[in-house]
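In numbering that gives the first Met the number 0, the protein residues as written are 0 to 516.
For each residue, glycine too, the CB sits at the ideal point set by N, CA and C.
Worksheet: the structure to be examined is printed underneath.
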Amino acid sequence: MARASDPAPEASDDGETRRAGRGLFAIAGAKIYFIITAYAIQLALPRILGSPEAFGLYAAALSAVSMLNMILIAATIQSVSKFVSEDEEASPALLRQGLRIQLGLGGLLAGALFLTAPPLAAFLRDDALVPLLRAASVVVFAYALYAAVVGSLNGRRLFGLQARLDMGFSTLRTMGILGGATLGIGALGAMAGFATAAMCIMLASLVVVGRELVRKTDAEPLPLKRWFAFMAPIWTYQAFLNGCLQIDVQVMKKVVAELALGAGSTAAEAATAASTQVGFYRAAQTFAFVPYQLILAMTFIIFPMISRATAAGDAEAAQRTIRGSMRFSLLLLLSVAAPVAGAADGVMRVAYPEEYLAGAPALGVLVFGLVAFALFVIAATVLSSAGRPGLAAAIAAIALVVVVVANWLFINEAGAGGAVLVAAASATTLGTTIACLLAGGAVFISFKAFIPMATIVRGLLAGAAGFAVAHFVPHESRLMALVALAAGFVAFGLALVVLREVRGEDLRTARSILLNR
């Protein structure tokens, strides 16, 4: 029998929603700060390095190591978070166990990258990559341990502390990369600075959870069989996922160099040509990634929520979370992507010298590919949190095959000229769109919930309005580019209101979250 003092179910649900909303805003704030610091890097690094070739060399090494980093980070965060959220009393034992596992795994991967740097550089037709890849192996090791700490914080729903730690990392990363680049040793200096920053934040994170590490509990560590049974599919999924996100740079680096060699260039000339194209493409990627980076915070919130709902057998709570998070994600993604695509020339002009405008056409295509990719990631997070990471991995594997094959075919068809950039963007967008459709279908079959069709239609119409306004507002200068983006964003928002996609209850919910009520 319920007591008068018991909270009503509606009040409990409302409190949980607001807590999740505050957590989302904290982590989203950290992600916004990450984006700002990333822009600081992207604005300054090409100028410090002095040429698109050097910037492209750094980007090629960074994309290769990022695939390893993200496998470690996401898989470990999700695994530690899941186990801790299910039994918070066992948090110290789980954290210690996670760190031991990551110490071995991170050391193995970092050592493998260090030793295989020469053959990997030879495969990509550029020996200048060897020292950069070896410096990046330090980043891989540091990320492995850092991820276990963040997973523990996330599982205990300490989203504010998690956000502050991430913001500290963003600051150190920016200082390290730009500081290293100023040493006069080019791309290697930037990568060495990144490695130094990663080691510093790894040590700082261990200090943050120092008390938790030494806290004694009666809980026993999980059997390794259960731990690896959950982590292995996520490792596989993350390998495929980040391959979709980063592999186009590697394919471009190799294929453009081989096309140049076939046209009679020397090995050095071919490597320079490939690095230059990669530099232009990486500049376009930087802006195309913005919607994805902004919404990535959603995965940290919905993972423990879906995990708890499915463990409790609460299908209705899972459906509410899925519909709400997917709707919010689509609208936020389109609000950014549509204006960016509409004013792509101006967007590139904001941060880069005029020569980097070569990447603008690719940006106009790729930014929508990253919208599809972001929605796929959120849908795959839902599947993983519900205990189906293998299905998410299978969908990511299909997408990766499409991305690699399409990039290989499209870039070869385009030749070694400027059309290479649009070819790569189109191929990657094809793969991410297929992934989004497959994952969305899997979530709907499993939960009978996804993005409401009316929201999709209204979002696309509002996106068209945002694109058109940003496109037709003149954006030939940096200032006017910002004006065009702002105008496109406002047009998107107004269109949502006119189409009645955004209503009073949405604004009231946002206001209550922002006011911490």
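Query, Result
"Helix, strand or coil at Val208 [DSSP, three-state]", "coil"
"Three or more C-beta pairs below 8 angstroms linking the stretch 392-405 and the stretch 240-250", "yes"
"Ala461 and Ala494 closer than 7 angstroms at C-beta", "yes"
"DSSP-derived helix/strand/coil call for Ile34", "helix"
"Under the three-state DSSP convention, the category Ser476 falls into", "coil"
"CB of Leu123 within 7 angstroms of CB of Ala60, strictly", "no"
"Endpoints, the alpha helix (DSSP H) within which Pro118 is located", "Ser90 to Phe122"
"Close-in-space but distant-in-sequence residues of the same chain around Arg348 (CB under 7 angstroms, 5 per side omitted)", "Leu356, Arg477 and Ala480"
"Simplified DSSP assignment, three categories, for Gly414", "coil"
"Candidates Leu114, Leu94 and Ala146, of which the one nearest Gly209 by Cα", "Leu94"
"Reduced DSSP secondary structure (H/G/I, E/B, other) of Gly363", "helix"
"Residue from Gly105, Ala282 and Ala266 with nearest C-alpha to Val139", "Gly105"
"Secondary structure, alpha helix (DSSP H): runs of 4+ residues fully inside the stretch 321-393", "343-350 and 359-384"
"Coil, strand or helix - Pro8 by DSSP", "At Pro8 the pLDDT is 45, less than 50, meaning the model places this residue with poor confidence; the figure from the coordinates comes in the next sentence. Pro8 falls in the helix class under three-state DSSP."
"Where Gly430 falls: helix, strand or coil (DSSP)", "helix"
"First through last residue of the alpha helix (DSSP H) which encompasses Val501", "Per DSSP, Val501 belongs to no alpha helix (DSSP H) and is neither H nor E."
"Proximity test, Cβ basis, 7 angstroms: Thr170 and chain C", "The displayed structure is made up of one protein chain only, and chain C is not part of it."
"Rounded C-alpha distance that separates Asp125 from Ala53", "12 angstroms"
"Buried versus exposed call for Asp165 [16 or more other C-beta atoms within 10 Å across all chains shown]", "buried"
"Delimiting residues of the alpha helix (DSSP H) encompassing Pro51", "Pro51 to Glu85"
"Within 7 angstroms, strictly: CB atoms of Met230 and Ala74", "yes"
"CB of Tyr291 within 7 angstroms of CB of Met201, strictly", "no"
"Three CB pairs or more closer than 8 angstroms across the stretch 141-158 and the stretch 79-89", "yes"
"Close Cβ partners of Leu420 (< 8 angstroms) along its chain, the five nearest in sequence each way excluded", "Gln276, Phe279, Tyr280, Ala283, Ala357, Gly358, Pro360 and Ala361"
"Simplified DSSP state of Ser445, which is helix, strand or coil", "helix"
"Straight-line Cα distance separating Gly188 from Leu44", "11 angstroms"
"Coarse secondary structure for Lys215, derived from DSSP in three states", "coil"
"Same chain, Cβ closer than 6 angstroms to Gly439, neighbours up to 5 away in sequence not counted", "Ala378 and Phe449"
"Buried/exposed call for Ala228, threshold 16 Cβ in 10 Å", "exposed"
"Buried/exposed call for Met66, threshold 16 Cβ in 10 Å", "buried"
"Assigned exposure category for Ser78 - 16 Cβ within 10 Å defines buried", "buried"
"Outcome for Phe471 when other beta-carbon atoms lying within 10 angstroms are tallied against a minimum of 16", "exposed"
"Segment limits, alpha helix (DSSP H) that includes Asp247", "Leu223 to Gly261"
"Limits of the unbroken alpha helix (DSSP H) element including Leu460", "Met452 to Phe471"
"Close beta carbons around Lys447, own chain, < 8 angstroms, minus the five adjacent residues each side", "Gln318"
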